[in-house]
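A.B. asks: In my numbering, the protein residues as written are 23 to 322. Here a beta-carbon is modelled for each residue, glycine too, at the ideal position from N, C-alpha and C.
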Amino acid sequence: MGRNKWSGPLQNVLQSTIAYDTHCLIVMNAQKPGQSAEFAKHDPQIAVQRLLNERFLQMRMRNPGFSLRAFARKLAIGSPALSEILNGKRSVSYKLARRIAEQLCLDPEEAEMLLGMFARRHLDPPGTETATLDYRQLTLDQFKIISEWYHYAIVSLAETEGFSDRPEWIARRLNIKVQEARTALERLERLEMLERDARGRLRSTGLNFNSPDMIANIPLRQAHAHNLELARESLENDDISIRDFVALTMPADPDKLPEARRLIRTFRDKMFKVFSNGKKREVYKVCVQLFPLSNKENRK
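1. Over what stretch of residues does the alpha helix (DSSP H) that includes residue 97 continue unbroken?
2. Under the assumption that residue 217 contacts residue 211 (Cβ atoms under 8 Å), give the Cβ distance between them as a whole number of angstroms.
3. Alpha carbon to alpha carbon, what distance is there between residue 139 and residue 66?
4. Using 8 Å as the cut-off, can you tell me whether the segment 189–203 makes contact with the segment 268–281, which would need three or more C-beta pairs spanning the two stretches below that distance?
5. Do you know offhand how far residue 84's Cα is from residue 219's?
6. I need the DSSP call for residue 134, collapsed to helix, strand or coil.
7. Alpha carbon to alpha carbon, how far is residue 280 from residue 286? Give it in angstroms, no decimals.
8. Have a look at 294, 305 and 283 and flag the residue whose alpha-carbon is nearest the alpha-carbon of residue 313.
9. Which whole-angstrom value describes the C-beta separation of residue 251 and residue 229, a residue pair presumed to lie in contact below a C-beta threshold of 8 Å?
10. Less than 7 Å between the C-beta atoms of residue 181 and residue 226, yes or no?
11. Taking just the CA atoms, how far does residue 184 sit from residue 303?
12. Which residues in the same chain have their Cβ closer than 6 Å to the Cβ of residue 265, if we skip the five residues on either side of it in sequence?
13. Which residues in the same chain as residue 288 place their Cβ atom closer than 8 Å to its Cβ, once the five residues preceding and following it in sequence are excluded?
14. Of the choices 175, 68 and 168, whose alpha-carbon is the least far from that of residue 127?
15. Under the criterion of a Cβ to heavy atom distance below 6 Å, does residue 92 qualify as lining the ligand HEM?
16. Report the three-state DSSP secondary structure of residue 256 (helix, strand or coil).
17. Compare the C-alpha of residue 164 against each of 124, 136, 206 and 69 and name the closest.
18. If you reduce the DSSP assignment to three classes, tell me which class residue 218 lands in.
19. So if DSSP puts residue 316 in a beta bridge, which residue, or which two residues, is it bridged to?
20. Grab the span of the alpha helix (DSSP H) containing residue 223 for me, first residue to last.
21. With burial defined as no fewer than 16 other Cβ atoms inside 10 Å of the residue's Cβ, what is the status of residue 170: buried or exposed?
22. Rounded to a whole number of angstroms, what is the C-alpha to C-alpha distance between residue 306 and residue 192?
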């Protein structure tokens, strides 16, 4: 008989998840509404274990070939350590929980709830509680503007000829839902990135906002993922006459990465000055990715 595809560490993970979900179901049925949530607040280790199990199974369902080792790489932790966490044999520190929140791109509410559990339990040295509050510095409006591509697209669209601030018009131009356009307009006004002129029409203010780099990493990862998806859609749907895709594969000296970053940012600034000068009729996005294709000998 062939080997069970769920055998080994993965089988343990699945069994752990099933056992936890069964227990959770019993607790939820036995308690009044809200008590199960209160129970979770006092058990950060179970919360992390459940979160990781759920995310792993979601990825496994999307891609049956997705392994526990691949999940560990995504989380930037060792595979044996992840297996022990999933099976409740290893505790998670605040620092590791924060990394998990970033790598899984949790939204501010989820991240604050998760890390707040650790702060309340004092599982780390004094002072870690203040780090939890960093997530509150990035408001939901700011998070959405960074993570959802069409906010900056609307700001740019507001600078084009013939712009209309009607949500229906914006939705048609950007191929988004009318409600998304309406909500984005309200959000951009709240953050003063758009304002009403004397005639009541929306226009760009040129203002932006700064967020803590460590926290902005979460929505920025989502934004970059959206950019790649938008590029794929353009590759499939737009005529080559209105787009340009280039790529370069080369041997590289990793020590020169800081210089490469500077070159990319210089190119970005020059592109903006040249391409946004003249009759502004459309909105374009320029994406530049620089990443390693080869694995270091000691990279885990």
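C.D. replies: By the coordinates alone:
1. 90–97
2. 7 Å between Cβ atoms; contact.
3. 5 Å
4. no
5. 48 Å
6. helix
7. 10 Å
8. The residue with the shortest Cα to Cα distance from residue 313 is 283.
9. About 28 Å; that fails the 8 Å criterion.
10. yes
11. Taking the straight line joining both Cα atoms gives about 8 Å.
12. 256
13. Residues of the same chain with a CB within less than 8 Å of the CB of residue 288, apart from the 5 flanking positions on each side, do not exist.
14. 168
15. With respect to small molecules bound, the structure shown includes none, and the ligand HEM cannot be examined in it.
16. helix
17. 206
18. strand
19. Its beta-bridge partners do not exist; DSSP assigns none.
20. In the DSSP assignment, residue 223 falls outside any alpha helix (DSSP H), carrying neither H nor E.
21. buried
22. 15 Å
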